[in-house]
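Q: Here the protein sequences line up with chains A and B, keeping their order. Using the UniProt record's numbering, you'd call the opening residue of the first sequence number 1 and step up by one each time. Using the UniProt record's numbering, you'd call the opening residue of the second sequence number 1 and step up by one each time. Virtual Cβ for every residue (Gly too), placed ideally from N, Cα, C.
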Amino acid sequence: MKKIYITMFALSACFFSGCADDYLDVDQTESISTTDIELFNNDAGATTFVTSIYSKFLDWDMTSFGWIGLSSITSDDADKGSSPGDTGTDKDVLDALTYNASNPSVESTFNANYDGINRCNQALNIIPKLDKADANLRARLLGEAKFLRAFMYFTLVKAYGGVPIVDHLPNPTSEEDKIMLLTRKTAAEVYAFIESDLNDAIAVLPNKSVYSADEKARASKGAAHALLAKVNLYQKNWQKVVDNCNLVTGYSIVPDYAAMFRLSGENGDESIFEINGVGSVPAKGIQGYSASQGARGAGGWGWGFNTPSQSLVNAYEVGDVRKNATIIFRGTTLYDGRVVPVTVENERYNFKAYSSAFTDGWETDVNIKYLRYAEVLLMKAEALNELNQTPAAILLLNQIRNRAGLANTTAVSQGDVKTAIWKERRVEMAFEHDRFFDLVRTGQAAAAFAVDGKTFTVGKNELFPIPDSFIRQAAGLSSQNSGYN
Amino acid sequence: MRNIIFSFLALILLPAYMSGQVIKGKVLDKDGIGIPGAMIVAADSKTSTDTDFDGNFSINAKVGEVLKISMVGFDALSVPATAAPMSINLQESKDTELKEVVIIGYGTRKKIDNTTAITSLKAEEISKTKVLNASQAIQGKAAGVQVISSDLPGSTPSVIIRGLGTALGGRTPLYVVDGMPTDNINNINTNDITSYEILKDASSLAIYGTRAANGVIIITTKKGKGDKVLVEFESFAGFRKPLRTVKMAGSEAYARYSNAALNNTTFSENQPVNTNWLDAITRTGSYTQNNASISGSTESVKYFFSIGNYEEKAILNGLDYSRFTFRNNNEYKISKKLTLNQNFSFTSANSSPKPLGAFTNAYKQSPIVPVRFASGQYGVSFVDANGVANTSGSSFNNVGNPVAQLDFYDEEQRSISLQGGLKLDYDILKSLKFTSQFNGEYYSWKQYNFDDTRTIDIAGDPSPGNTLPTNINELTKGREQYFNWNLSNYLTYNKVFNEIHDVELTAGIETSVKGAREKLTIRRKNVNANSNYWSLAGVDNVANVISYRDEVFNETRLASYFGRFQYKLMDRYLITGTIRRDGSSNFAKDYRWGTFPAFGLGWVITKEEFMANATGIDLLKLRGGWGRLGNQTVPLNNQAYASGLTSYLGGSILNEGTTVNSQVDPSLSWEITEETSVGLDFELLNKRLKGSFDVYEKNTTNVILNVRPYPTSGIVVATPGHVGEVSNKGYEIALRWDDKLTDNLSYWVGGNYSKNINKLSGLKDFDISPIIGGNLGNGQDTKLLNSTSVGQPLGSFYIYEFAGIDPANGKMLYYNASGAKVTQDALSATNDKKYAGSILPKSNYGVTVGLNYKNIDFSVDGYGTGGAKVYNGKKAQRFTGENIEQSLATDFWSVSNTNASNPAPFNQVPVASTYYLESGDFFRVNNITLGYKVPMKENQFLSYCRIYMNAINPFITQKFSGFSPELNGDGNPYGNQGIELDAYPTLRSFVIGANLKF
């Protein structure tokens, strides 16, 4: 006993002699300290910083319920769906275009994209320091990060207009960086930033064919050109649209439209950039994407949101194979033999969110095809038409129509061809999160929503509100979009 | 013990023993009963003795010589010796309380000499209310101490001492149990506690340095005493029901309301089923506790053994809790100079938790849904073409069947706590003592949760077309453990110089280590249906593992030096000074050491000459002090890579990857609180009226707020920073009147009142990002702390102001910033919300009355709070198709009832507004005790028997329309504290029990 006490006393006396400070140095165990960067100084370590960016696209807040509400339920292609009383928190107001600045979907989408942008900035900051990783790999990874950053800024500028450009890791104590974080830039500045990132990405990214079979979902040179074409389409830089579309090479439209949206069609010849989910254990898919849009009620498997509208059904011409590939109709049998009983709650559901193998899973094998070669052809057609090369545009448009089982377009005049291309975009890319922004871009929104029975307020609904929480934090550095208070 | 000392004295005085003659006598108290152990000293003869068990003595002295008779608890007396047998009556000392001691950090102090604000509660106060955790029992008994408790078995009450000084740092006081600093006292059997001392002001707290800012509660457990072996038993049993429930609409009212909301006749108004879901998920709770203890002392050992067993069947179906405790405290007198104290406790707790969400679901699920359909299938919220609930049809709400929820929830938890320590006191010199104390605490916890996935799915939808879940079932197993230890060494020097200068010095060093908490969580699928086959030997489960988490949380260490100086001049002028220096491993190297000084002054006015003749005033003491305290339980500040679970070096695109999503402030350190406090203690009218009055002002100058980073930074982990200032100003009054009317009848009336004004007094004007909290789970937040919150109390609600119902259409209206009444679509989230009060009460009060008449004791304790707001979250969360309160169902706006007090039925999620905010004021009778001591003959085997009845929380008056206005929630003022959502109701309990002594 005495010995123990002597030891203890000696131990505590130790404080006086100055070893107390070392005694207080405790290694952290619950998380990896950022001082241990050397752990990541190898190929796999470098790669993992970019993996986290892709991973962000599988998050609930980034790509799922809120984003579905913002990009799809708002549009004339889709209705809220589900039970009349189930608002899905805010999907009713999104459907009715009556959302305000504290709308949860508006906020989560904004925050999620900046979460992703931080991951890009972290990768862009850390990877150059990882000198033991392969130099070519590092260059490619930086290109991927820039592509993904551009992709997210494009989402932001489409949805919110000009937003703060965060092009480096902010220092928490820097006033200058605080201003950067809180000050909205103009949409033109954001577009310029996106283009600059994409040009950097184009310089270093490989073609899709270079990636191994299980890495096809990574950003490629073709994806960067396709995105740059789309960014230019939104700015009506028609020649640049054509130029970039021409540089998207090595892709083709696949003959079977419907198969493209099944597991077998993932990352196929037409696919340029898609968000990749895996349903088998360990599942890593878009959280709740299939479940929130699955058929609701007895015999169903999901919550039944984001249902195809009558307006969309009417948009398909007779014989268009894309209708049954896009829409699940109640009371029908699906390609995999699943019977969708008449007891489910809504008449129609989104087929493109359906997973055959993991139907009611939270994370399934459903992918989102954000860039397809079909869209490249349609963008090129639209740009050529604007550049007065209408016959060339018609040829491209017909490629898309013929694949869908439709005859050549009857449109001839430049104006009719423009309308025909816009309409083709709608049916070709329905439920691929493009329609709302496309309506705004082409100026068709007010008319299209009127057909669908909704009021689109010109001068307001072109953009979503900046989240109120951000405006409050910005404390005068940024102002709200017009029409929202 | 006394005998030893006296024998020892007698030995010294032996040479003088031989002269004089033998004087005999008896020392009696005022009832004529002999006083054993009184000391008799004959000064001239230099002899002494003490009385025997019956009060008799004999001493060698001369007749006529003055005998001094003294005894603890009685006034000393001097009488001349007589040859005839003497009969000496001693008067009970009025000074008894003055000899009472209070426990201060690293020592004790006579209560009269204490300059600080300490509330001492004794064993009987704590064990009177039959609750599991001692802190719940002290509710309302100490001025300035707010206790927010829950009757959920095994839950930990929030204890707030003199106001909340922090929003996100640790809010719980530091508990020191027999020298062991700990966060939680759920493992302590209330019956083992001998004293519960609450250190309230900075002057008393500063000796605990960086851990003291939320107050310190020192708990001392029992020791053996007396020379007889004492065996005690206590046993009680009781039953419990919710104190107050909300009457929900029945089926027909529900159907009428929902049809109006949906604007069609979805539901038939003639319903075959009318389920009361609260009844369906609850039962009459019952609980029992049995304790036994053996204690005693010999010359060299004082011993105390106790065992206790607590069992509760909670009111929520299937929720059971039990706790077994064992304690052994021994004190060994090793030599004249060396004393060793050893204490040890073992606690094992078992529980089968059930989800409290069942209360919310029971509130919201429609009464038209049966618990089970005729087929045996659990009721589901489908409505068929006839407008009644059926196994298929249209789903009309998203609420699960709460009975099924409970039936299918299969979880068990077990924990074991071991606490123990050794304390060595060595008297180096007569006035210098060395104390060394080591304490350790080991905790181990294990849990399983079995999810019978497929069975649950089939129960919800037995139709053949139902796609079954991929996994048959899922099993989660958790294990957790930690070991914390504490070592302190200190010297205490105490000497009186020239009879008027009483000096005490304490100096020491201490280290506290909060060991790394280790946690293992494994989720498996498709396990054997029999639970005894879940862990087969030799089977590799890897193929069925869904997730495997092996976590070790950061260890924290504290190294400290402390010193205290206490000086008393002429028994009336008191000075105390303390200083502590703490270093904490939680903070970066340059920011880890801090110094915490304090001082206290006291003046015992009644000891002054000029007060000598003051009648009616027995004690008047003025005291005051200042001190600085720290709170090191603040969010940690280690910057980390956030990495995926599977493999942080994984290159595959399907891993989570690695990134940095946090940001640190390298200068982060503890929060600092400074407090100035003045108090007056008084005893008046022959000590029948006792009381104290305290005023304090407490400022926390660098409050850490979990600053939400700008969303554009993409930093998703909140960043702690020193950005706030919080002030607490208040006063406390405690009064108690005790009187004895006759020998058979005594009574008391007491009460305390404390007022505390809490406010966020400042925020740094840069970097301020709001904390938005009190989320209702439907997109609505109710609480806010940002730059506009300065001047508001912590935990303030920030919501829209309800402006009544539009008589034209029954819609709810709200005031916008310019004062106009608008509907919720027209509200501006930026401009139109207002502060609407806080979850923190402005005042707390407790009352106690009681009487003892012959063998009967009776007491009533009550507790109340004023000024707090509570949010009716269950009601506010209502979606279409969910049930409503009866009061709403019978009075809502319609074209024929345009003056209704409730709005027309609606489907939209209502914005958070004052419509759902209610007063949290309540007064509750916490405890009524009626006891009867069965008269016992002397020298019987059974020496004491008391039978009692207890009513806990029998009555409440409250303004809140929900279940309970006492809503601890997650204990976080910016979480769901003060919001009734998934909350366990307050219970009314009736208990009958007995205490026996042998």
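Pick from B:V66, B:A826, B:R109, B:S859: whose alpha carbon is nearest that of S102 (chain A)?
A: One-based indexing of the first sequence puts residue 102 (chain A) at position 102. With distances taken between Cα atoms, S102 (chain A) lies closest to B:A826.
Q: Apart from the five residues on each side of it in sequence, which residues of its chain come closer than 6 Å, Cβ to Cβ, to F53 (chain B)?
A: The count along the second sequence starts at 1 and reaches residue 53 (chain B) at position 53. Counting only Cβ-Cβ distances below 6 Å, and skipping sequence neighbours, we find P36.
Q: How about the region 795–807 of chain B and the region 738–748 of chain B: do they share at least three Cβ pairs that are nearer than 8 Å?
A: Contact between the region 795–807 of chain B and the region 738–748 of chain B is absent, because fewer than three Cβ pairs lie under 8 Å.
Q: With 7 Å as the limit, tell me which residues of the region 291–321 of chain A have their beta carbon closer than that to any beta carbon of chain B; keep them in chain order.
A: The residues in question are R296, G297, A298, G299, W301.
Q: Measure the CB-CB distance between K91 (chain A) and I73 (chain A) and report whether it falls below 8 Å.
A: Position 91 of the first sequence holds residue 91 (chain A). Position 73 of the first sequence holds residue 73 (chain A). Yes. Within cutoff.
Q: With 8 Å as the C-beta to C-beta threshold (strictly closer), list the residues of the region 51–73 of chain A near chain B in chain order.
A: Hits within the stretch, in order: T51, S52, I53, Y54, S55.
Q: Under 8 Å Cβ-Cβ, which residues of chain A neighbour V552 (chain B)?
A: Numbered from its first residue, the second sequence carries residue 552 (chain B) at position 552. Those are T29, E30, listed as they occur along chain A.
Q: With DSSP as the reference, label I368 (chain A) as helix, strand or coil.
A: Along the first sequence, one-based indexing puts residue 368 (chain A) at 368. Looking at I368 (chain A) - three-state DSSP - the assignment turns out to be strand.
Q: Tell me Y448 (chain B)'s beta-bridge partners as DSSP assigns them.
A: Your numbering for residue 448 (chain B) matches position 448 in the second sequence. DSSP lists B:E412, B:K477 as partners of Y448 (chain B).
Q: Give every residue of the same chain whose Cβ lies closer than 8 Å to the Cβ of L28 (chain B), excluding the five residues on either side of it in the sequence, and list them in chain order.
A: Here residue 28 (chain B) refers to the residue found at position 28 of the second sequence. Excluding residues within five positions, the ones whose Cβ falls inside 8 Å are G34, I35, G55, S87, I88, N89, L90.
Q: Consult DSSP for L97 (chain A) and reduce its assignment to one of helix, strand or coil.
A: Walking along the first sequence from the start, residue 97 (chain A) turns up at place 97. Coil, per DSSP.
Q: Considering only the beta carbon of each residue, do A96 (chain A) and D59 (chain A) sit closer than 8 Å?
A: By 1-based counting over the first sequence, the position of residue 96 (chain A) is 96. By 1-based counting over the first sequence, the position of residue 59 (chain A) is 59. Contact flag unset, no.
Q: Closer than 7 Å, Cβ to any Cβ of chain B: which residues of the region 180–210 of chain A, in chain order?
A: If the cut-off is 7 Å between Cβ atoms, the region 180–210 of chain A has L181, L182 near chain B.
Q: On the three-state DSSP scale, how would you describe L141 (chain A)?
A: One-based indexing of the first sequence puts residue 141 (chain A) at position 141. Helix at L141 (chain A).
Q: Closer than 8 Å, CB to CB, is T48 (chain A) near chain B or not?
A: What you label residue 48 (chain A) is simply residue 48 of the first sequence in a count that begins at 1. At least one chain B Cβ lies under 8 Å of T48 (chain A).
Q: Would you list, in chain order, the members of the region 127–153 of chain A that have their beta-carbon closer than 8 Å to a beta-carbon of chain B?
A: Of all residues in the region 127–153 of chain A, none has a Cβ within less than 8 Å of some Cβ in chain B.
Q: Using DSSP with H/G/I as helix, E/B as strand and the rest coil, what is M570 (chain B)?
A: Within the second sequence, numbered from 1, the residue matching residue 570 (chain B) stands at position 570. Three-state result, M570 (chain B): coil.
Q: With 16 as the cutoff for other CB atoms within 10 Å, does P770 (chain B) come out buried or exposed?
A: Reading the second sequence from its first residue, position 770 is the one you call residue 770 (chain B). P770 (chain B) should be labelled buried.
Q: Under the rule that 16 or more other beta-carbon atoms within 10 Å means buried, what is V131 (chain B), buried or exposed?
A: Here residue 131 (chain B) is taken as the residue at index 131 of the second sequence, counted from 1. Classification of V131 (chain B): buried, given that the 10 Å Cβ count is 16 or more.
Q: In whole angstroms, what is the alpha-carbon distance linking A142 (chain B) and G691 (chain B)?
A: Here residue 142 (chain B) refers to the residue found at position 142 of the second sequence. Here residue 691 (chain B) refers to the residue found at position 691 of the second sequence. The alpha-carbon atoms of A142 (chain B) and G691 (chain B) are separated by roughly 12 Å.
Q: Is the separation between the beta-carbon of T326 (chain A) and that of F351 (chain A) shorter than 8 Å?
A: The sequence position of residue 326 (chain A) within the first sequence is 326, counting from 1. The sequence position of residue 351 (chain A) within the first sequence is 351, counting from 1. Against a cut-off of 8 Å, the Cβ pair of F351 (chain A) and T326 (chain A) comes out as a contact.
Q: Under 8 Å, with one C-beta from each stretch per pair, do the region 450–457 of chain A and the region 412–421 of chain A reach the 3-pair mark?
A: Flag = no, the region 450–457 of chain A and the region 412–421 of chain A do not touch.
Q: Could you tell me the alpha carbon to alpha carbon distance between G651 (chain B) and Y54 (chain A), rounded to whole angstroms?
A: In the second sequence, counting from the first residue as 1, residue 651 (chain B) sits at position 651. In the first sequence, counting from the first residue as 1, residue 54 (chain A) sits at position 54. Any reading at G651 (chain B) is ruled out, since the residue's pLDDT is 42, under 50, leaving its predicted position unreliable.
Q: Assign S919 (chain B) to one of three DSSP states: helix, strand, or coil.
A: In the second sequence, the residue the question calls residue 919 (chain B) occupies position 919. In this structure, S919 (chain B) counts as strand in the three-state DSSP scheme.
Q: Would you check whether the ligand ZN has a heavy atom nearer than 7 Å to the C-beta of S787 (chain B)?
A: Among the components of this structure there are no ligands whatsoever, and the ligand ZN is therefore not found.
Q: Hey, how far is the Cα of R426 (chain A) from the Cα of R218 (chain A)?
A: Residue 426 (chain A) sits at position 426 when you count from the first residue of the first sequence. Residue 218 (chain A) sits at position 218 when you count from the first residue of the first sequence. The alpha-carbon atoms of R426 (chain A) and R218 (chain A) are separated by roughly 26 Å.
Q: Tell me, please, whether the CB atom of A101 (chain A) is closer than 8 Å to any CB atom in chain B?
A: Within the first sequence, the letter at position 101 stands for residue 101 (chain A). Yes, contact with chain B.
Q: Out of B:E518, B:R592, B:N184, point me to the one whose CA is closest to T210 (chain B)'s CA.
A: Here residue 210 (chain B) is taken as the residue at index 210 of the second sequence, counted from 1. Nearest of B:E518, B:R592, B:N184 to T210 (chain B), Cα basis: B:R592.
Q: At which residues does the beta strand (DSSP E) containing R348 (chain A) begin and terminate?
A: Walking along the first sequence from the start, residue 348 (chain A) turns up at place 348. It spans 348–350 - the beta strand (DSSP E) in which R348 (chain A) sits, taken as one unbroken run.
Q: Report the start-end ranges of each beta strand (DSSP E) in the region 352–398 of chain B that is 3 residues or longer and not cut off at the edges.
A: With a minimum length of 3 residues, no continuous beta strand (DSSP E) run stays inside the region 352–398 of chain B.
Q: Check whether chain A comes within 8 Å of R256 (chain B), counting only Cβ atoms and requiring the distance to be less than that.
A: On the second sequence, position 256 is the one that residue 256 (chain B) refers to. No, R256 (chain B) does not count as interfacial toward chain A.
Q: Under a CB-based cut-off of 8 Å, is T646 (chain B) close to chain A?
A: Locating residue 646 (chain B) in the second sequence gives position 646, where the first residue counts as 1. Any answer about T646 (chain B) is weak, because its pLDDT of 36 lies below 50 and its placement is not dependable; what the coordinates show is given next. Cβ-Cβ to chain A under 8 Å: yes for T646 (chain B).
Q: Classify Y984 (chain B) as buried or exposed, calling it buried when 16 or more other Cβ atoms lie within 10 Å of its own Cβ.
A: Taking the first residue of the second sequence as 1, we reach residue 984 (chain B) at position 984. By the neighbour-count rule (16 or more Cβ atoms within 10 Å), Y984 (chain B) is buried.
Q: Taking C-beta pairs closer than 9 Å, name the residues in chain B that Q287 (chain A) reaches, listed in chain order.
A: Along the first sequence, read from residue 1 onward, the residue named residue 287 (chain A) stands at position 287. None at all; the shortest Cβ gap to chain B is about 12 Å.
Q: Assuming N397 (chain B) and S351 (chain B) form a contact by the criterion Cβ under 8 Å, report the distance between their Cβ atoms to the nearest whole angstrom.
A: Translated into the one-based positions of the second sequence, residue 397 (chain B) becomes position 397. Translated into the one-based positions of the second sequence, residue 351 (chain B) becomes position 351. About 31 Å; that fails the 8 Å criterion.
Q: Leaving out five residues on either side along the sequence, give the residues of the same chain with a beta carbon under 6 Å from the beta carbon of L649 (chain B).
A: Counting from 1 along the second sequence, the entry for residue 649 (chain B) is found at position 649. Any reading at L649 (chain B) must be qualified, since the residue scores a pLDDT of 35, below 50, and its modelled position is unreliable; the value itself is stated next. Hits under 6 Å: none found.
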